[in-house]
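Take a look at the structure set out below.
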């Protein structure tokens with residue numbers, strides 16, 4: 028009996044020593060979950076990344092800041108925003124934003140966003156599939172044009188270039204533009220013609236400078252010529268001859 032118990036003990040020890048038993052007994056560690064993307068604060072970005080205070084004020088007054096923020100942080104697509112500088116709003120005379128309703132203002136500023144994260148390099152592909160729908164909806168589209176690496180946006184009323192990339196880290200891209208994007212769906216299709224570029228100044232060639240007279244080619248009032256000098260010498264000689272003859276005649280008469 029004792030021998031049988033010893034046999035069982037050693038059998039158990041051998042089984043516990045095998046790799047398969049150790050594998051079954053080893054603790055199972057599940058992989059750590061991927062870190063959540065960092066929350067992007069658009070207010071912070073637009074306040075400190077450039078002179079975008081006017082754009083930010085419109086987003087806040089129209090309650091669109093939460094819409095942009097939600098698209099940035101709570102979707103897999105991310106967001107791309109085209110932000111005009113403060114000077115673009117101050118130079119906007121006609122048409123004006125002051126006469127728009129709140130719904131129209133919301134459409135105008137949703138028109139400045141795309142519901143996807145795009146880098147500057149992606150715009151070349153967008154130029155081949157234009158027009159591109161914006162956050163404002165199907166009829167609010169933008170045309171992209173790539174000219175030797177410079178990207179232009181065209182809304183019908185506005186043609187402007189992308190000046191610089193302010194922020195381009197997934198899930199948010201922010202690009203600076205020089206003008207406010209005005210959609211046809213709000214301002215109509217009666218678009219005034221674009222002013223023609225100013226003609227280049229006509230620079231006429233400099234007039235030829237007047238020739239400076241040489242001293243040897245002076246006017247008649249200048250020094251006498253060779254012929255006039257000869258005439259003066261001849262007349263002086265004839266006077267001298269007459270004087271000599273008169274004196275000589277006076278000397279001869281008393282004789």
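In our numbering, the protein residues as written are 28 to 282. Don't be surprised by glycine CBs; every beta carbon is placed ideally from N, CA and C. Note that the coordinates shown come from a computational prediction; the quantities given were computed from them, not determined experimentally.
| Item | Value |
| --- | --- |
| Pull the bridge partners of residue 141 from the DSSP assignment, please. | 107 |
| Please work out which residues of its chain come closer than 8 Å, Cβ to Cβ, to residue 182, disregarding the five sequence neighbours upstream and downstream, and give them in chain order. | 138, 169, 170, 208, 209, 210 and 211 |
| In or out: residue 102 buried (at least 16 other Cβ within 10 Å) or exposed? | exposed |
| Among 174, 172, 109 and 114, which has the Cα closest to the Cα of residue 143? | 109 |
| Kindly indicate which residue of 94, 106, 178 and 156 has the alpha-carbon position closest to the one of residue 134. | 94 |
| Within the same chain, show all residues whose beta-carbon is closer than 6 Å to that of residue 185, passing over the 5 residues directly before and after it, in chain order. | 206, 208 and 209 |
| Hey, quick one: how far does the alpha helix (DSSP H) through residue 169 stretch, first residue to last? | Segment 164-174 is the beta strand (DSSP E) holding residue 169; no alpha helix (DSSP H) there. |
| Considering only C-alpha positions, which residue in the set 79, 161 and 153 is nearest to residue 172? | 153 |
| Any idea which residues DSSP pairs residue 131 with across the strands? | The partner list for residue 131 (beta bridge, DSSP) is empty, contrary to what the question assumes. |
| Just to check my reading of the structure: residue 99 and residue 199 have Cβ atoms closer than 8 Å, yes? What is that Cβ distance to the nearest angstrom? | 5 Å |
| Where do the ends of the beta strand (DSSP E) carrying residue 99 lie? | First-last for residue 99: 92-100, but that is the alpha helix (DSSP H), not the beta strand (DSSP E). |
| Helix, strand or coil for residue 68, going by three-state DSSP, please let me know. | coil |
| Does DSSP put residue 125 in a helix, a strand or coil? | coil |
| Per DSSP, which one or two residues make a beta bridge with residue 188? | 179 |
| Within 10 Å of its beta-carbon, does residue 158 have 16 or more other beta-carbons around it, so buried, or fewer, so exposed? | exposed |
| Enumerate in chain order the residues of its own chain whose CB-to-CB distance from residue 166 is below 6 Å, with the five nearest sequence positions on each side excluded. | 212 |
| Measure the Cβ-Cβ separation of residue 79 and residue 130 and say whether it is below 9 Å. | no |
| Taking the alpha carbon of residue 188 as the reference point, which residue from 66, 178 and 69 has its own alpha carbon closest? | 178 |
| With 16 other CB atoms within 10 Å as the buried threshold, where does residue 163 fall? | buried |
| Considering only the beta carbon of each residue, do residue 191 and residue 203 sit closer than 9 Å? | yes |
| Helix, strand or coil for residue 212? Go by DSSP, reduced to three states. | helix |
| Could you compute how far the alpha carbon of residue 201 sits from the alpha carbon of residue 122? | 25 Å |
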